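Count along the sequence shown from 1, add 47, and you get the number used in our numbering.
Single-structure report; data block below.
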Amino acid sequence: MDYDYYDDYYEEYYDQPDAPRRAFQREMSLEETIESCVYPSLQFALEYTLNFVVINAIFSVAVRLINRKLAHQRYLHLLSCLFGVVLMYRVMDYGYFHFLQLAISLYLVQWALNRWVVDTRNRHIKPSFVVTFCGIVNLLLSEVLAPSPESWNRVRGTQMILLMKVLSLSFDIDDNGTTRNHLNLLSYAGYILCPANVILGPWISFSDYLAVWRNTPGDTKGARTASVGRQLMIYVFRVFTSALLAIGFLLTSNCFIDYLLGPAGNSWKWIRAYSRALSFRTSHYFVAYLSQCTMIAATIERNRGSTDDPRGSWMIPSSSIYRVTSPIAVEFPRSMVQIVTAWNIPMHHWLKRYIFRSTKRSLGTATAIAVTYLVSSLLHGLHYRLWVTLLSIGAWTYVEHELRKKIANIYSACVLVGRCPTRCTAHTHRAGSLFTLVINTLFFLLNIFNLIYLGCIFEPTERLPEESKRDHSIFAPWSELQFVSHWALAFAYLFFVII
48 MDYDYYDDYY EEYYDQPDAP RRAFQREMSL EETIESCVYP SLQFALEYTL NFVVINAIFS
108 VAVRLINRKL AHQRYLHLLS CLFGVVLMYR VMDYGYFHFL QLAISLYLVQ WALNRWVVDT
168 RNRHIKPSFV VTFCGIVNLL LSEVLAPSPE SWNRVRGTQM ILLMKVLSLS FDIDDNGTTR
228 NHLNLLSYAG YILCPANVIL GPWISFSDYL AVWRNTPGDT KGARTASVGR QLMIYVFRVF
288 TSALLAIGFL LTSNCFIDYL LGPAGNSWKW IRAYSRALSF RTSHYFVAYL SQCTMIAATI
348 ERNRGSTDDP RGSWMIPSSS IYRVTSPIAV EFPRSMVQIV TAWNIPMHHW LKRYIFRSTK
408 RSLGTATAIA VTYLVSSLLH GLHYRLWVTL LSIGAWTYVE HELRKKIANI YSACVLVGRC
468 PTRCTAHTHR AGSLFTLVIN TLFFLLNIFN LIYLGCIFEP TERLPEESKR DHSIFAPWSE
528 LQFVSHWALA FAYLFFVII
């Protein structure tokens, strides 16, 4: 008995000096990390990516061959439906019913509104707003009725892309009679099932869907001047680089961040918060670059290096509809507006085009901004962490914009959220002045700080149910950091009012 007591005592005593050292020790060595994390993640990424690339490449070749023989668009829609269904069968293991019922129900709502509301000129009811309301309610009910949160998370992104497509189509029908003339059941099915973006996105409009696959190599001057060999090389290069970046970000999110920052994160809460936020962002970049890869793979005829980019660049032009995100702009932000814009470029364009502009006409700018953030939150479903994060981002975006605008007016300095021209004539303190550099650097550091704080609330990977139950508060990561960003937000707003 005494022996056991002293044995336990000395074991505890001698373990104490090693506790700080263990805090900085990695749980796994580099070899173990590669064996247990990198290899399985790489195998999954390759299998998952190959499904998208191969099916979309075959779809692209099939469309090219059909366009040479049969130019009617119905064949494009048929091929789009066929390959979209094949891709869904290959990569989805749950959610077919949710996809079908949302697509069919919203089509019936749009058809009924076009038949009875528009034809009777009852214009006090805007069909697109009705479809938006029905679509969001349908999405939320589907999530509530799903068997489990884990099941719904597997189809959340696909349902969101589908809803964005249908809502954009509804708004386009309201504003453009030509869209209504081109729309029928087959074209609707081809649009929502297009294999280029049916699973992961990115969103493209119905007119872009028709235009991207309508042209053939003989249709444009750029196509005649670009050699087939160069076109193919640009196509392969863009697909390969996008896939490589996607896989690299996945490995970074799953393995390398924890290996590099895990030891320090055990002792320092801000390092732990940074690693959680960075892991979440890199997992988003994986999805973004994979969706970019699928769009490129499905559109071989648009990768000529001539029609979409006059300089013949091998890289994707910044204005291309294929471009989904900009990690450099997010990781090194001049402003919160830049983060919001570069995080998901197609979704930003969708919200600005269909929600913000539509509501600004009748409700004003402030209300339009609030409605835009509300719709953006609801599109992601019952994702409470995202809701509070978007609310915080919206508040920070507004305060930073107004504060920098006020400082720019008072001190005549190029410190606005957007960059001034190189030879700015509106401000005395231009981009290279010491005052401007100091102010812009302070806001840059503030936005880096907000990236860490706002992103650490998310889980980069789905946790086990028992782990989720132990986390009683969604604000636990922020509580650990004493809600410092929200206190800084209140101080920034007070400073804006005072000056």
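Backbone N, C-alpha and C define an ideal beta-carbon position, used for all residues, glycine too.
Treat the numbers as computed from the prediction; the structure is a model and nothing was measured.
Alpha-carbon spacing of residue i relative to residue j, whole angstroms
i	j	result
Ser127	Gln148	19 angstroms
Trp317	Tyr420	28 angstroms
Ala243	Ile392	17 angstroms
Glu190	Trp315	37 angstroms
His409	Lys399	The question names His, but residue 409 is Ser in the sequence shown. One C-alpha to the other measures close to 15 angstroms.
Leu210	Tyr540	36 angstroms
Thr483	Cys467	11 angstroms
Ile294	Thr96	9 angstroms
Gly502	Val377	12 angstroms
Lys453	Leu438	23 angstroms
Asp305	Lys116	54 angstroms
Thr475	Ala455	10 angstroms
Cys302	Thr80	7 angstroms
Cys84	Gly309	14 angstroms
Lys173	Glu449	33 angstroms
Val547	Ala537	This structure gives no information on residue 547, because the portion of the chain shown stretches from 48 to 546.
Pro194	Ala473	58 angstroms
Ile458	Ile486	It is worth fixing the name first, because residue 458 is Tyr in this sequence and not Ile. Computed Cα separation, rounded: 11 angstroms.
Leu153	Gly479	53 angstroms
Ser322	Leu528	14 angstroms
Trp397	Ala535	31 angstroms
Ala15	Val422	Because the chain spans 48 through 546 in this model, residue 15 falls outside it and cannot be assessed.
Ala324	Leu493	15 angstroms
Residue i: first and last residue of the uninterrupted alpha helix (DSSP H) it sits in
i	result
Gln339	316-344
Lys173	Taken as a continuous stretch (DSSP letters only), Lys173 belongs to no alpha helix (DSSP H), as it is neither H nor E.
Gly248	Taken as a continuous stretch (DSSP letters only), Gly248 belongs to no alpha helix (DSSP H), as it is neither H nor E.
Ser88	86-116
Thr299	That residue, Thr299, is in no alpha helix (DSSP H); it is neither H nor E in DSSP.
Arg203	203-222
Ala389	383-390
Leu77	77-80
Trp199	196-200
Residue i in three-state terms, based on DSSP
i	result
Glu378	helix
Phe530	coil
Ala36	Since the displayed the chain opens at 48 and closes at 546, residue 36 lies outside it and no answer follows.
Ser405	helix
Phe146	helix
Leu134	helix
Asp255	helix
Tyr60	Residue placement at Tyr60 cannot be trusted, given a pLDDT of 39 that sits under 50; what the coordinates show is reported in the next sentence. In this structure, Tyr60 counts as helix in the three-state DSSP scheme.
Pro393	helix
Val178	helix
Cys503	coil
His124	helix
Ile486	helix
Ala537	helix
Met280	helix
Ala193	coil
Tyr4	With the chain running from 48 to 546 in the structure shown, residue 4 is simply not present.
Pro364	coil
Contact test: residue i Cβ vs the ligand FAD heavy atom, cutoff 7 angstroms
i	result
Glu190	Annotation note on the ligand FAD: not contained in the displayed structure, which lists no ligands.
Within-8 angstroms CB hit, residue i to chain C
i	result
Met280	Of the protein chains in the structure, only one exists, and it is not chain C.
List in chain order: all unbroken alpha helix (DSSP H) runs of 4+ residues lying wholly within the stretch 410-482.
Correct list: 412-426, 431-458.
Is it the case that the stretch 402-418 contacts the stretch 328-343, given that we only count it when at least three CB pairs across the two stretches are under 8 angstroms?
By the criterion of at least three beta-carbon pairs nearer than 8 angstroms, the stretch 328-343 is not in contact with the stretch 402-418.
Are three or more beta carbon pairs between the stretch 428-437 and the stretch 491-506 nearer than 8 angstroms?
Yes, the stretch 428-437 touches the stretch 491-506.
When the Cβ atoms of the stretch 274-294 are set against those of the stretch 455-469, are three or more pairs found closer than 8 angstroms?
They do not touch, by the three-pair rule.
At least three beta-carbon pairs within less than 8 angstroms, the stretch 101-120 to the stretch 212-225:
No: the two stretches stay apart, fewer than three of their Cβ pairs being nearer than 8 angstroms.
Are the stretch 245-253 and the stretch 178-187 touching, with three or more C-beta to C-beta distances below 8 angstroms?
No: fewer than three Cβ pairs fall under 8 angstroms.
Spell out a yes or no on whether the stretch 86-96 and the stretch 194-209 are touching, meaning 3 or more CB-CB pairs, one atom from each, closer than 8 angstroms.
The way I'd put it, the stretch 86-96 doesn't touch the stretch 194-209; fewer than three beta-carbon pairs between them come closer than 8 angstroms.
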